[in-house]
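A short worksheet on the structure shown next.
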Amino acid sequence: MCLGVPGRVVSVEGLVATVDFWGVRRAVRLELVDEPVQAGDYVLNHVGFAIRRIPEEDIQGTLDLYESLLRGDGDLMAADVRAELEANPEQSPDA
Amino acid sequence: MPEGADSRQLKFRDPARARDLGRALTAAADAMGRTVSLMHVCGSHEQAIARYGLRAAFPRSLDVIMGPGCPVCITDTPEVDEGVALARQGVTIATYGDMVKVPGTVLSLGDAQAEGAKVEVVYSVTQAVELARATREPVVFFATGFETTAVATAAALLGGVPDNFSVLSAHKYIPPVMEIVAEMPGSKVEGFLAAGHAATITGWGVFEAFVERHKLPVVVAGFEPLDILAALVKLVELVRDRKPEVVNMFPRCVTREGNRNAQEQLFKVFRPAGGRWRGIAHVPNGNLRLRDEWAHVDARRRFDIDLRPLWKYAPPALVQDCICGDIMAGIANPKQCKLFGKECVPDTPVGACMVSSEGTCKIWHLYGGVPDLSSPDAPQAEVRP
Chain A
23 MCLGVPGRVV SVEGLVATVD FWGVRRAVRL ELVDEPVQAG DYVLNHVGFA
73 IRRIPEEDIQ GTLDLYESLL RGDGDLMAAD VRAELEANPE QSPDA
Chain B
1399 MPEGADSRQL KFRDPARARD LGRALTAAAD AMGRTVSLMH VCGSHEQAIA
1449 RYGLRAAFPR SLDVIMGPGC PVCITDTPEV DEGVALARQG VTIATYGDMV
1499 KVPGTVLSLG DAQAEGAKVE VVYSVTQAVE LARATREPVV FFATGFETTA
1549 VATAAALLGG VPDNFSVLSA HKYIPPVMEI VAEMPGSKVE GFLAAGHAAT
1599 ITGWGVFEAF VERHKLPVVV AGFEPLDILA ALVKLVELVR DRKPEVVNMF
1649 PRCVTREGNR NAQEQLFKVF RPAGGRWRGI AHVPNGNLRL RDEWAHVDAR
1699 RRFDIDLRPL WKYAPPALVQ DCICGDIMAG IANPKQCKLF GKECVPDTPV
1749 GACMVSSEGT CKIWHLYGGV PDLSSPDAPQ AEVRP
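Chains as they are written, first to last, in the working numbering: chain A, 23 to 117; chain B, 1399 to 1783.
Listed below in structure tokens is the structure:
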């Protein structure tokens, strides 16, 4: 539950961002993040909210880690990351 | 362990660094000349330790224990009972998935659902609010989780919710329970590993008062295996050098102040209150309850929650043998429980620790806990120095 999940911000409208998670676009709420977020940023998300903007130098390492986690089928960490994804409603590709 | 088997194929991203850290850990622990017990308080840490077989790399004199780091597991039985009673009174309960199987005194929410009560699984508080918007019936969000998750509940309430939506808060606050565990009679814990993502919200400064009071070091760690190994090396060194201080080993995510914006929202909506953590103790300030200003969305004040109808059921006999509380307090491990892997398995859990993906028992059941190093396929043996 504490793992969160990283994604790339595609667009921002008010307090909701459209975030790309490995090709799937989902809506993420921005009330909790403590820095301005804009298209192109990567954010760490937990239960539907962005909680932190990921610094540029950490993006690749963070993505590598989660990609290795998601490869584990039937794995507890993979399941937790997938549950984090489900917290964000899916949006149409042109959103 | 069919499900855990795949994970053993996973390699460290940097095996050479893992080896170096393994050596450093052994050197630091050997220099102590005695057993050192350290505690972490995060289900994701235990998942990573078990999944990557890190205990195979730990020196024998190092004992790394999981404490009360599973939010589902420490949700107290009477709190589950409140949810069950409300569901049986005809209120729709929306809650995170793991909560459905967690046993109350006599029934789980899943049991209530099987009897016809409306229990909906959600992945976020926003989805629970959506459920309320789609109906005129009362919807109660049974809100569990530590401060990392409570901030989301707070933000959702501050963002506005429909009149038929309320919250049954079982949110918990981690820093106070560390005090309780440190003060437990017979506790051998000499240092704590704090969860990186929770500290993203609270900041590492929240541990300074704890360190000052208890003279025990705290190291904030990420949950990547290398992060955990590096943090453990640091923690053993701090114990060895008798340096009780907070060290942040997850600087890319955690600052001293944390996420001020999120903290403000958290404490605008919730206040810390004393309460029981399942199986552990009464924890002063360990519960997050809704402030008086939020009475209009507080399920405990809006509804007359009647627990009496539950008393006609007899508690399951096996529960008496469950040692979940001792496991979460770090004074026992799953292999010391006579139900573990026999009567108590993930499909038919007796205790909460076997329910949640962050529960020690479920993690050990899937991955094994302390690896058998004599086995030819002992995980990650290459980390050993």
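The beta-carbon is built from N, C-alpha and C at its ideal position, and this holds for glycine as well.
Mind listing the chain A neighbours of residue i? Cutoff is C-beta to C-beta under 7 Å, in chain order.
{"i": "residue 1588 of chain B", "result": "By Cβ distance, chain A contributes nothing, its closest Cβ being about 24 Å from residue 1588 of chain B, past 7 Å."}
{"i": "residue 1651 of chain B", "result": "74"}
{"i": "residue 1659 of chain B", "result": "54 and 56"}
{"i": "residue 1761 of chain B", "result": "98"}
{"i": "residue 1598 of chain B", "result": "73 and 74"}
{"i": "residue 1755 of chain B", "result": "98, 101 and 102"}
Give the straight-line distance between the Cα atoms of residue i and residue j, rounded to the nearest whole angstrom.
{"i": "residue 1569 of chain B", "j": "residue 1544 of chain B", "result": "6 Å"}
{"i": "residue 47 of chain A", "j": "residue 1443 of chain B", "result": "29 Å"}
{"i": "residue 112 of chain A", "j": "residue 1527 of chain B", "result": "17 Å"}
{"i": "residue 1493 of chain B", "j": "residue 77 of chain A", "result": "32 Å"}
{"i": "residue 1598 of chain B", "j": "residue 66 of chain A", "result": "10 Å"}
{"i": "residue 1621 of chain B", "j": "residue 32 of chain A", "result": "27 Å"}
{"i": "residue 1403 of chain B", "j": "residue 1450 of chain B", "result": "Caution is warranted here: a pLDDT of 39 is assigned to residue 1403 of chain B, below 50, making its placement in the model unreliable, and no coordinate value can be reported."}
{"i": "residue 1583 of chain B", "j": "residue 1730 of chain B", "result": "14 Å"}
{"i": "residue 1773 of chain B", "j": "residue 1765 of chain B", "result": "Bear in mind that a pLDDT of 43 at residue 1773 of chain B, under 50, signals an unreliable position, so the model cannot answer this."}
{"i": "residue 1623 of chain B", "j": "residue 91 of chain A", "result": "12 Å"}
{"i": "residue 1745 of chain B", "j": "residue 1509 of chain B", "result": "14 Å"}
{"i": "residue 1531 of chain B", "j": "residue 1673 of chain B", "result": "32 Å"}
{"i": "residue 1727 of chain B", "j": "residue 37 of chain A", "result": "40 Å"}
{"i": "residue 1628 of chain B", "j": "residue 1701 of chain B", "result": "49 Å"}
{"i": "residue 1406 of chain B", "j": "residue 1448 of chain B", "result": "Low confidence applies to residue 1406 of chain B: its pLDDT is 39, below 50, so where it sits in the model is not reliable enough to give any reading."}
{"i": "residue 125 of chain A", "j": "residue 1416 of chain B", "result": "Here chain A covers residues 23 to 117 and nothing more, so residue 125 of chain A does not appear."}
{"i": "residue 1515 of chain B", "j": "residue 40 of chain A", "result": "35 Å"}
{"i": "residue 1653 of chain B", "j": "residue 1441 of chain B", "result": "22 Å"}
{"i": "residue 1626 of chain B", "j": "residue 1711 of chain B", "result": "45 Å"}
{"i": "residue 1519 of chain B", "j": "residue 45 of chain A", "result": "25 Å"}
{"i": "residue 1482 of chain B", "j": "residue 1495 of chain B", "result": "15 Å"}
Using alpha carbons as the reference points, say which of the options lies closest to residue i.
{"i": "residue 1592 of chain B", "options": "B:1606, B:1511 and B:1581", "result": "B:1606"}
{"i": "residue 1639 of chain B", "options": "B:1655, B:1646 and B:1613", "result": "B:1613"}
{"i": "residue 1524 of chain B", "options": "B:1540, B:1500 and B:1550", "result": "B:1550"}
{"i": "residue 199 of chain A", "options": "B:1482, B:1497, B:1446 and B:1491", "result": "No statement about residue 199 of chain A is possible, as the shown extent of chain A runs from 23 to 117 and does not include it."}
{"i": "residue 58 of chain A", "options": "B:1712, B:1657, B:1731 and B:1422", "result": "B:1657"}
{"i": "residue 1663 of chain B", "options": "B:1546, B:1473 and B:1552", "result": "B:1552"}
{"i": "residue 1487 of chain B", "options": "B:1705, B:1684, B:1652 and B:1580", "result": "B:1705"}
{"i": "residue 1751 of chain B", "options": "B:1509, B:1734 and B:1725", "result": "B:1725"}
{"i": "residue 1563 of chain B", "options": "B:1757, B:1698 and B:1714", "result": "B:1698"}
{"i": "residue 1787 of chain B", "options": "B:1681, B:1475 and B:1416", "result": "Residue 1787 of chain B lies beyond the stretch modelled for chain B, which goes from 1399 to 1783, so this question has no answer here."}
{"i": "residue 1637 of chain B", "options": "B:1419, B:1431, B:1723 and B:1418", "result": "B:1431"}
{"i": "residue 1619 of chain B", "options": "B:1632, B:1644 and B:1648", "result": "B:1648"}
{"i": "residue 1472 of chain B", "options": "B:1594, B:1505 and B:1684", "result": "B:1684"}
{"i": "residue 1535 of chain B", "options": "B:1561, B:1522 and B:1676", "result": "B:1561"}
{"i": "residue 53 of chain A", "options": "A:74, A:103 and A:79", "result": "A:74"}
{"i": "residue 1581 of chain B", "options": "B:1738, B:1747, B:1680 and B:1600", "result": "B:1680"}
{"i": "residue 1630 of chain B", "options": "B:1461, B:1573, B:1467 and B:1520", "result": "B:1461"}
Using a cut-off of 8 Å between C-beta atoms, extract the partners of residue i located in chain B.
{"i": "residue 25 of chain A", "result": "1442, 1595 and 1621"}
{"i": "residue 70 of chain A", "result": "1521, 1522, 1523, 1524, 1525 and 1550"}
Am I right that residue i and residue j are in contact with their C-beta atoms under 8 Å? What's the rounded C-beta distance?
{"i": "residue 1434 of chain B", "j": "residue 1425 of chain B", "result": "Not really, about 13 Å apart at Cβ, beyond 8 Å."}
{"i": "residue 1540 of chain B", "j": "residue 1556 of chain B", "result": "Rounded, the Cβ-Cβ distance is 19 Å, inconsistent with contact."}
{"i": "residue 1470 of chain B", "j": "residue 1717 of chain B", "result": "Wrong, their Cβ atoms sit about 17 Å apart, outside the cutoff."}
{"i": "residue 1489 of chain B", "j": "residue 1590 of chain B", "result": "So it is not a contact: roughly 39 Å between Cβ atoms."}
{"i": "residue 1437 of chain B", "j": "residue 1616 of chain B", "result": "The pair is not a contact, with the Cβ atoms about 10 Å apart (cut-off 8 Å)."}
{"i": "residue 1644 of chain B", "j": "residue 1609 of chain B", "result": "5 Å"}
{"i": "residue 1695 of chain B", "j": "residue 1498 of chain B", "result": "The pair is not a contact, with the Cβ atoms about 22 Å apart (cut-off 8 Å)."}
{"i": "residue 1507 of chain B", "j": "residue 1485 of chain B", "result": "6 Å"}
{"i": "residue 72 of chain A", "j": "residue 1522 of chain B", "result": "That pair is no contact at about 12 Å."}
{"i": "residue 28 of chain A", "j": "residue 85 of chain A", "result": "6 Å"}
Going along chain B, which residues have a C-beta under 9 Å from residue i?
{"i": "residue 51 of chain A", "result": "1522, 1524, 1550, 1553, 1554 and 1557"}
{"i": "residue 43 of chain A", "result": "Result: empty, since nearest Cβ-Cβ is about 13 Å, beyond 9 Å."}
Taking C-beta pairs closer than 7 Å, name the residues in chain B that residue i reaches, listed in chain order.
{"i": "residue 120 of chain A", "result": "The shown model of chain A, from 23 to 117, leaves out residue 120 of chain A, and the question about it has no answer."}
{"i": "residue 77 of chain A", "result": "1650"}
{"i": "residue 87 of chain A", "result": "1622"}
{"i": "residue 80 of chain A", "result": "1650"}
{"i": "residue 39 of chain A", "result": "Within chain B, no residue comes near residue 39 of chain A; the closest Cβ sits about 13 Å away, beyond 7 Å."}
Just to make sure I have the definition right: I need the residues of chain A whose C-beta is within less than 9 Å of the C-beta of residue i. Which are they?
{"i": "residue 1484 of chain B", "result": "Correct list: empty, because the minimum Cβ distance to chain A is about 22 Å."}
{"i": "residue 1493 of chain B", "result": "What residue 1493 of chain B touches in chain A: nothing, since even the nearest Cβ is about 12 Å away."}
{"i": "residue 1663 of chain B", "result": "53 and 54"}
Between residue i and the ligand NAD, is there a pair consisting of the residue's CB and a ligand heavy atom that are separated by less than 6 Å?
{"i": "residue 1444 of chain B", "result": "The ligand NAD is not part of this structure, which contains no ligands at all."}
Taking residue i as the query, report the chain A residues whose CB atoms sit under 8 Å from its CB, ordered along the chain.
{"i": "residue 1449 of chain B", "result": "94, 97, 98 and 99"}
{"i": "residue 1843 of chain B", "result": "With chain B represented from 1399 up to 1783, any question about residue 1843 of chain B goes unanswered, as that position is not in the structure."}
Mind the definition here: the stretch 1650-1670 of chain B touches the stretch 1454-1463 of chain B only if three or more C-beta pairs lie below 8 Å; say whether that holds. Here the stretch 1650-1670 of chain B makes no contact with the stretch 1454-1463 of chain B; the two share fewer than three CB pairs at distances below 8 Å.
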